[in-house]
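Peer 1:
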Amino acid sequence: MEEDPDDVPHGHITSLAVKRSHRRLGLAQKLMDQASRAMIENFNAKYVSLHVRKSNRAALHLYSNTLNFQISEVEPKYYADGEDAYAMKRDLTQMADELRRHLELKEKGRHMVLGAIENKVESKGNALPSSGEACREEKGLAAEDSGGDSKDLSEVSETTESTDVKDSSEASDSAS
Numbered sequence: 002m003e004e005d006p007d008d009v010p011h012g013h014i015t016s017l018a019v020k021r022s023h024r025r026l027g028l029a030q031k032l033m034d035q036a037s038r039a040m041i042e043n044f045n046a047k048y049v050s051l052h053v054r055k056s057n058r059a060a061l062h063l064y065s066n067t068l069n070f071q072i073s074e075v076e077p078k079y080y081a082d083g084e085d086a087y088a089m090k091r092d093l094t095q096m097a098d099e100l101r102r103h104l105e106l107k108e109k110g111r112h113m114v115l116g117a118i119e120n121k122v123e124s125k126g127n128a129l130p131s132s133g134e135a136c137r138e139e140k141g142l143a144a145e146d147s148g149g150d151s152k153d154l155s156e157v158s159e160t161t162e163s164t165d166v167k168d169s170s171e172a173s174d175s176a177s
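What follows is the structure, given as structure tokens:
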């Protein structure tokens, strides 16, 4: 995050690299999206910026076509070898709005489930359940509401994709 108090809150990516053997798998896009999301959630960033070599066609394609970065200016002789750089920016307002809507829906769903638990308990004439009972009730109601099987957290984690992280001392090529 840039720290100029007079400026709009924004982030800056100084470097992004994906090992050659792992390219074209969507990893750079995922890294950029996760970094952007973290900038929004933690610092209320309005945009993210970066510099990219004019000759780096693969990175330019990723940033311009996939991640919706816009070229804001050309910085002559930006790199030590004298190559020019494109200064690029990505507006984060749309992503921030989507994250906000997602959180609102998630919160609304949580209130609906808790309300249903309270109604179910009141109809039984019992006091409110303990937190453990409420969680079991919530899980049961969520399965009923979805009309299908609910997955346990351990089942979900088994299906998530893992990525091997290699020793950082190995040579890698930069996309910026």
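Using our numbering, read the sequence shown as starting at 2 and increasing by one per residue.
Even for Gly, the Cβ is constructed at its ideal location relative to N, Cα and C.
Just so you know, these numbers come straight off a predicted model, no measurement behind them.
1) Do M33 and L68 have their beta-carbon atoms positioned less than 7 angstroms apart in this structure?
2) Compare the C-alpha of V49 against each of D85, M89, G83, R102 and name the closest.
3) At the level of alpha carbons, what is the spacing between F70 and A36?
4) With a threshold of 16 other CB atoms inside 10 Å of the CB of L104, please say whether the residue is buried or exposed.
5) Should H11 and A46 be called a contact, given that it needs their Cβ atoms to be closer than 7 angstroms?
6) Based on the DSSP output, what are the partners of G12 in its beta bridges?
7) What does DSSP give as the partner residue(s) for Y87 in the beta ladder?
8) Since M96 and I41 should fall inside the 8 angstroms C-beta cutoff, what is the C-beta to C-beta distance between them, to a whole number of angstroms?
9) Are the beta-carbon atoms belonging to A194 and H52 less than 7 angstroms from one another?
10) Distance, Cα to Cα, R25 vs A117?
11) Under three-state DSSP, which class holds A18?
12) Indicate whether R54 and E99 have their beta-carbon atoms separated by less than 7 angstroms.
13) Using only alpha-carbon positions, find the residue among Y79, G27, F44, K107 that is nearest to Y64.
14) Take D8 and list the residues in its own chain whose beta-carbon comes closer than 7 angstroms to its own, dropping the five residues that flank it on each side.
15) Can you say whether A29 is buried or exposed, counting buried as having 16 or more other CB atoms within 10 angstroms of its CB?
16) Nearest-angstrom Cα distance between D153 and N66?
Peer 2: This is what the structure holds:
1) The beta carbons of L68 and M33 sit closer together than 7 angstroms.
2) Comparing Cα positions, the closest option is M89.
3) So the alpha carbons of these two residues sit roughly 14 angstroms apart.
4) Under this definition L104 is an exposed residue.
5) Taking 7 angstroms as the cut-off, the Cβ atoms of H11 and A46 count as close.
6) Its beta-bridge partners are V49.
7) Beta-bridge pairing links Y87 to V53, V75.
8) A Cβ-Cβ distance of about 6 angstroms is found for the pair M96 and I41, placing them in contact under the 8 angstroms criterion.
9) Coverage of the chain is limited to positions 2 through 177, which leaves residue 194 absent and any answer about it impossible.
10) A straight-line Cα-Cα distance of about 46 angstroms links R25 and A117.
11) DSSP, reduced to helix, strand and coil, places A18 within a strand of the structure shown.
12) For R54 and E99, no; Cβs fall outside 7 angstroms.
13) The option with the nearest alpha carbon to Y64 is G27.
14) None.
15) So A29 counts as buried.
16) At D153, the pLDDT of 41 sits below 50, so the modelled position is not reliable and the matter cannot be decided from this model.
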